[in-house]
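Peer 1: Residue numbers (our numbering): 1488 to 1632.
A virtual CB, placed ideally from N, CA and C, is assigned to each residue, including glycine.
Values in this document were obtained by computation on a predicted structure and should not be read as measured data.
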């Protein structure tokens, strides 16, 4: 006994039923997700200790890691580690080394995008210092008249 129309109709019905299921998205407030929120302080002092560098990955020696070629801008993880340890992590890349032989390379990497809030905090610190110096300069100008 064949029922090609019935089985196709049943499959279509199941698909339509599955499509009709609704998914409820959960809205989570940022204050619930982020705990122990503190202002970034002394960012200018910490940033002064960082040494921005240009570098090239040794793409010939480490072809298997598929690192980007050409000049790169960034920081050495060893330099960032002392000022911002949370911005340095151990990156891992799996690669094949022969038939049925996989290896994992591990190396330190800097999450450079995490420096953005620190840079904003440093700019704000410097701007506050500039405003204070302007006020002092204006006071000195007024006194010298």
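(1) Check whether the stretch 1561-1570 and the stretch 1585-1602 touch, using three or more Cβ-Cβ pairs below 8 Å as the test.
(2) Under DSSP, the beta strand (DSSP E) around residue 1583 begins and ends at which residues?
(3) If we ignore side chains and look at the alpha-carbon of each, how far apart do residue 1611 and residue 1630 end up?
(4) Hey, which unbroken runs of the alpha helix (DSSP H) at 4 residues or more fall wholly within the stretch 1527-1598?
(5) Please classify residue 1528: is it buried, with 16 or more other beta-carbons within 10 angstroms of its beta-carbon, or exposed?
(6) Applying the 10 Å Cβ sphere with the 16-neighbour rule, what's the burial state of residue 1573?
(7) What separation, rounded to the nearest whole angstrom, lies between the Cα atoms of residue 1557 and residue 1544?
(8) If I measure Cβ to Cβ from residue 1542 and keep anything under 6 Å in the same chain, skipping five residues before and after, which residues do I get?
(9) How would you write the range of the alpha helix (DSSP H) that residue 1512 sits in, first residue to last?
(10) Leaving out the 5 sequence neighbours to the left and right, which residues in its chain are closer than 7 Å to residue 1604 when beta-carbon positions are compared?
(11) Using a Cβ-Cβ cutoff of less than 6 Å, which residues in the same chain neighbour residue 1546 once the five nearest sequence positions on both sides are dropped?
(12) Below 7 Å CB to CB, which residues in the same chain sit around residue 1540 once its five sequence neighbours on both sides are set aside?
(13) From what residue to what residue does the alpha helix (DSSP H) around residue 1523 run?
(14) Thinking residue 1530 and residue 1608 are a contact (beta carbons under 8 Å), I'd like their distance in whole angstroms, please.
(15) Using the rule of at least 16 other Cβ atoms within 10 Å of the residue's Cβ for burial, across every protein chain shown, is residue 1602 buried or exposed?
Peer 2: Looking at the atomic coordinates:
(1) yes
(2) The residue you call residue 1583 lines up with position 96 of the chain shown. Note, residue 1583: beta strand (DSSP E), 1575-1583.
(3) The sequence position of residue 1611 within the chain shown is 124, counting from 1. The sequence position of residue 1630 within the chain shown is 143, counting from 1. Spanning the two alpha carbons is a distance of roughly 29 Å.
(4) Correct list: 1530-1535 and 1564-1570.
(5) Position 41 of the chain shown holds residue 1528. Counting Cβ neighbours within 10 Å, residue 1528 comes out exposed, since fewer than 16 surround it.
(6) Here residue 1573 corresponds to residue number 86 of the chain shown, with the count starting at 1. Label assigned to residue 1573: exposed.
(7) Residue 1557 sits at position 70 when you count from the first residue of the chain shown. Residue 1544 sits at position 57 when you count from the first residue of the chain shown. Computed Cα separation, rounded: 8 Å.
(8) The residue labelled residue 1542 in the question sits at position 55 within the chain shown. If we look at residue 1542 and ignore the five residues flanking it on each side, its Cβ neighbours are 1559.
(9) As a first step, residue 1512 must be located in the chain shown, where it is residue number 25. Neither: residue 1512 is in no alpha helix (DSSP H) and is coded neither H nor E.
(10) Position 117 of the chain shown, counting from 1, holds the residue named residue 1604. Result list for residue 1604: 1527, in chain order.
(11) Here residue 1546 refers to the residue found at position 59 of the chain shown. Excluding five sequence positions before and after residue 1546, the CB atoms of its chain that fall closer than 6 Å to its own CB belong to 1554 and 1556, given in chain order.
(12) Residue 1540 sits at position 53 when you count from the first residue of the chain shown. Correct list, in chain order: 1561, 1562 and 1563.
(13) Indexing the chain shown from 1 puts residue 1523 at position 36. Note, residue 1523: premise wrong, no alpha helix (DSSP H); not H, not E.
(14) Within the chain shown, residue 1530 is the residue found at index 43, counting from 1. Within the chain shown, residue 1608 is the residue found at index 121, counting from 1. At roughly 4 Å, the Cβ-Cβ gap stays under 8 Å, so residue 1530 and residue 1608 are in contact.
(15) As a working mapping, residue 1602 is identified with position 115 in the chain shown. It counts as buried.
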